[in-house]
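These notes are about the structure you will find just below.
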Amino acid sequence: DQQVKQNSPSLSVQEGRISILNCDYTNSMFDYFLWYKKYPAEGPTFLISISSIKDKNEDGRFTVFLNKSAKHLSLHIVPSQPGDSAVYFCAALDSGTYKYIFGTGTRLKVLA
Amino acid sequence: KAGVTQTPRYLIKTRGQQVTLSCSPISGHRSVSWYQQTPGQGLQFLFEYFSETQRNKGNFPGRFSGRQFSNSRSEMNVSTLELGDSALYLCASSPGYGQYFGPGTRLTVT
Numbered sequence: 017d018q019q020v021k022q023n024s025p026s027l028s029v030q031e032g033r034i035s036i037l038n039c040d041y042t043n044s045m046f047d048y049f050l051w052y053k054k055y056p057a058e059g060p061t062f063l064i065s066i067s068s069i070k071d072k073n074e075d076g077r078f079t080v081f082l083n084k085s086a087k088h089l090s091l092h093i094v095p096s097q098p099g100d101s102a103v104y105f106c107a108a109l110d111s112g113t114y115k116y117i118f119g120t121g122t123r124l125k126v127l128a
Numbered sequence: 017k018a019g020v021t022q023t024p025r026y027l028i029k030t031r032g033q034q035v036t037l038s039c040s041p042i043s044g045h046r047s048v049s050w051y052q053q054t055p056g057q058g059l060q061f062l063f064e065y066f067s068e069t070q071r072n073k074g075n076f077p078g079r080f081s082g083r084q085f086s087n088s089r090s091e092m093n094v095s096t097l098e099l100g101d102s103a104l105y106l107c108a109s110s111p112g113y114g115q116y117f118g119p120g121t122r123l124t125v126t
């Protein structure tokens, strides 16, 4: 039972345009969400997070939106750069159990 | 602060053998989690240790075990290796909210 889903395994975007990565979750007990970027042969790197009491968090080119009623979050990257090409994982935390659940990842390719 | 370190980085083992992987968390982080990453499966949670106690456990067979020492360093052991255990094993430490990952140990079982 996949509690955190990233339904798009891959995404290609032109350099300078917006990249939108999506994530859906099923457990309403999740109250903290994170996005990670992962390059091959490296561990995931933390990008940005959002608490369930917020609906938006912004950090430079990265913005995460949370829609609690739809149990959906998205990561916007504007403008996209070739160096953003990586696999992006969303993760959710159930702070009652301290357990993080990860999605299966979306491979983003930014075309120069 | 130094990041999360994992040793060894690469490992090749034969079916039936056992293996021990090591993880040193960021100083001050008391929580250490282990994940298995295989292509198409994302990060599968193995277990989490907090203050030397296993606090959470994923859905892996008993061949996978771990422990945490008083200095928060953690080890993961896999006994009776199977071909399907070939994966990238990631360790993450946490101060509470958020996890910080090490570079992983690439295990290949032949």
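Chains as they are written, first to last, in this note's numbering: chain F, 17 to 128; chain E, 17 to 126. Using N, Cα and C, we set each Cβ at its ideal position, and we do this for glycine too. Computed from a predicted structure; not experimentally measured.
Check: 6 Å Cβ shell around residue 26(F) - same chain, five flanking residues per side excluded; Outcome: 123
Check: Cβ contact check for the stretch 63 to 81 of chain E and the stretch 32 to 52 of chain E: 3 or more pairs under 8 Å; Outcome: yes
Check: C-beta contact flag for residue 109(F) and residue 48(F) at 7 Å; Outcome: yes
Check: Length of the line joining the Cα atoms of residue 97(E) and residue 80(E); Outcome: 10 Å
Check: Limits of the beta strand (DSSP E) - the one that residue 68(E) falls within; Outcome: Taken as a continuous stretch (DSSP letters only), residue 68(E) belongs to no beta strand (DSSP E), as it is neither H nor E.
Check: Cα-Cα separation between residue 62(F) and residue 29(F), rounded to whole angstroms; Outcome: 22 Å
Check: CB contact below 7 Å: residue 76(F) versus chain E; Outcome: no
Check: Contact belief for residue 82(E) with residue 93(E) at Cβ below 8 Å, rounded distance in angstroms; Outcome: 7 Å
Check: Rounded straight-line distance, which links the Cα of residue 32(E) to that of residue 92(F); Outcome: 45 Å
Check: Per DSSP, the bridge partner or partners of residue 123(F); Outcome: 26(F), 103(F)
Check: Proximity test, Cβ basis, 7 Å: residue 75(E) and chain F; Outcome: no
Check: DSSP-derived helix/strand/coil call for residue 71(F); Outcome: coil
Check: Residue 122(E), enclosing beta strand (DSSP E) - first and last residue; Outcome: 121 to 125
Check: Residue 117(F) and residue 22(F) closer than 7 Å at C-beta; Outcome: no
Check: With 16 other Cβ atoms within 10 Å as the buried cut-off, status of residue 30(E); Outcome: exposed
Check: Amino acids of chain E, ordered along the chain, whose beta-carbon sits closer than 9 Å to that of residue 65(F); Outcome: 113, 114
Check: Those runs of the beta strand (DSSP E) which lie wholly inside the stretch 18 to 60 of chain E and span at least 3 residues; Outcome: 21 to 23, 26 to 29, 35 to 40, 47 to 54
Check: 7 Å Cβ cutoff met for residue 99(E) and residue 53(E); Outcome: no
Check: Chain E within 7 Å of residue 79(F), Cβ atoms only; Outcome: no
Check: Sequence-distant residues of its chain with Cβ nearer than 7 Å to residue 73(E) (five each side left out); Outcome: 63
Check: Sequence-distant residues of the same chain with beta carbon closer than 6 Å to residue 107(F), five excluded per side; Outcome: 50, 116, 118
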